[in-house]
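In numbering that gives the first Met the number 0, the protein residues as written are 0 to 299.
Where a beta carbon is used, it is the ideal one built from N, C-alpha and C, also for glycine.
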Amino acid sequence: MADPRILIVGAAGQVGVELQRSFADYGSIVAVDRESVDLADAGQTRDLVRRVEPEIILNAAAYTAVDRAESEQELAMAINAHAPRVLAEEAFRRNALLVHYSTDYVFDGSKQEPWTEGDEPHPLNTYGATKLAGEQAIQNVGGRYLIFRTSWVYGPHGQNYLLTMLRLGRERERLTIVDDQFGAPTTSIELARATYTIVSGVLAGQFGVSNDWAGLYHMTCSGSTTWCRFAQAIFSGAGKLLDGRLPEVIPIATEDYPTPAKRPRNSILSNAKLRERFGVRLASWQAALDAVLQVLSSEE
Ligand SMILES: NC(=O)c1ccc[n+]([C@@H]2O[C@H](COP(=O)([O-])OP(=O)(O)OC[C@H]3O[C@@H](n4cnc5c(N)ncnc54)[C@H](OP(=O)(O)O)[C@@H]3O)[C@@H](O)[C@H]2O)c1
């Protein structure tokens with residue numbers, strides 16, 4: 000398809016910004032942030048798609064405040080479940096491709112091995128429940144859709160764990176961090192790159208008809224770690240970003256850091272289906288971290 004029209008929703012978010020970069024030369028992009036559309040309003044969301052008439056919709060928007068969602072369930076449901084349903088209905092109506100992101104927090108963390116797409120979701124918190132409802136809404140509509148479940152997303156910009164750690168690392172000598180939750184830190188850069196490879200391949204007909212490729216896939220950086228070890232890797236790779244300081248990191252148990260929303264112990268996602276179907280593999284979390292630290296260092 001020559002020069003497809005691409006609607007990017009959630010354009011100011013971590014993934015939204017990187018999607019704009021990755022798709023910049025691919026088609027004509029209409030990038031929309033909260034200023035232009037409130038996704039909590041189904042009418043506005045529907046009107047947006049009808050006005051833009053896209054061939055591709057990339058939905059990077061979400062209610063991502065995991066703890067706050069416990070007290071804002073309706074709003075989280077509107078953005079994470081109702082808005083994706085409307086986007087899916089509008090995509091279906093015009094035979095457009097919808098790309099949507101979901102989360103490792105649809106799982107309860109009880110499994111010892113990495114979770115596969117066939118495993119039964121059982122969210123422990125409101126955020127996970129609303130994201131699961133969003134996945135199901137899109138699947139119920141059907142059509143040309145791709146749902147990528149990812150985890151522990153961060154990047155050079157936005158609000159994220161890496162930037163919080165760099166700030167705390169400058170302020171404190173010592174930090175206590177949870178060391179018994181396992182997952183795969185995944186960069187917005189890697190997600191956008193992999194999304195681009197798959198979407199451009201789908202539109203070029205590389206992966207067959209939509210019955211062959213439409214569906215739900217896990218998409219994370221490879222390898223896994225804990226929040227505590229992730230922080231240690233950030234501090235040891237930060238160099239001049241921390242002026243050579245190396246804060247002490249003390250591992251603690253989840254019980255010692257109570258939060259409004261419960262988190263899964265193991266939320267490592269198997270990427271085997273993504274590799275087998277599309278031949279796509281994201282970088283290791285360590286290599287992806289180095290790349291983001293390099294971007295930040297070059298911006299200093
Ligand atoms: N962050 C993670 O650790 C993580 C983990 C697993 C999966 N994911 C998923 O990955 C995707 C991308 O996440 P991200 O980290 O890039 O999120 P993000 O940085 O929080 O960006 C989300 C964007 O959605 C926008 N948004 C929220 N409510 C809106 C509304 N009512 N109307 C219009 N826009 C609205 C936000 O705008 P404002 O900035 O104005 O609020 C923000 O720009 C999401 O589907 C998320 O659920 C994220």
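| Do three or more CB pairs link the stretch 192–212 to the stretch 149–167 at distances below 8 Å? | no
| request: Can you grab the Cα-Cα spacing for the pair residue 145 / residue 223, in whole Å? | output: 24 Å
| said: To the nearest angstrom, how far is the alpha carbon of residue 177 from that of residue 217? | reply: 24 Å
| Run of the alpha helix (DSSP H) containing residue 160, from where it starts to where it stops | For residue 160, the uninterrupted alpha helix (DSSP H) run begins and ends at 160–170, by DSSP.
| Contacting residues, own chain, Cβ-Cβ under 6 Å from residue 17 (five flanking each side not counted) | Excluding sequence neighbours, residue 17 sits near 187, 188, 191.
| said: Within 10 Å of its beta-carbon, does residue 37 have 16 or more other beta-carbons around it, so buried, or fewer, so exposed? | reply: exposed
| query | Do the CB positions of residue 13 and residue 157 come within less than 7 Å of each other? | reply | In contact: residue 13 and residue 157 (Cβ atoms closer than 7 Å).
| task | Using 10 angstroms around the beta-carbon of residue 256, count the other beta-carbons present and answer buried if the total reaches 16, otherwise exposed. | result | exposed
| Taking C-beta to C-beta, are residue 52 and residue 3 nearer than 7 Å? | no
| residue 104 and residue 79 closer than 7 Å at C-beta | No. Outside cutoff.
| task | Compare the beta carbon distance of residue 108 and residue 266 with 7 Å and say whether it is the shorter of the two. | result | yes
| message | Classify residue 98: buried if its beta carbon has 16 or more other beta carbons within 10 angstroms, exposed otherwise. | response | buried
| Relative to the alpha-carbon of residue 209, which residue among 141, 185, 261, 173 has its alpha-carbon at the smallest distance? | 141
| field | Span separating the alpha-carbon of residue 143 from that of residue 276 | value | 16 Å
| query | On the premise that residue 124 lies in contact with residue 260, defined as a C-beta separation below 8 Å, what is that separation, rounded to the nearest angstrom? | reply | 4 Å
| query | Is residue 159 buried or exposed, if buried means 16 or more other CB atoms sit within 10 Å of its CB? | reply | buried
| Is any heavy atom in ligand 1 found nearer than 6 Å to the beta carbon of residue 133? | no
| Nearest neighbour of residue 310, chosen from 220, 298, 294, 84 [CA to CA] | In the structure as shown, the chain starts at 0 and stops at 299, and residue 310 therefore has no counterpart that could be examined.
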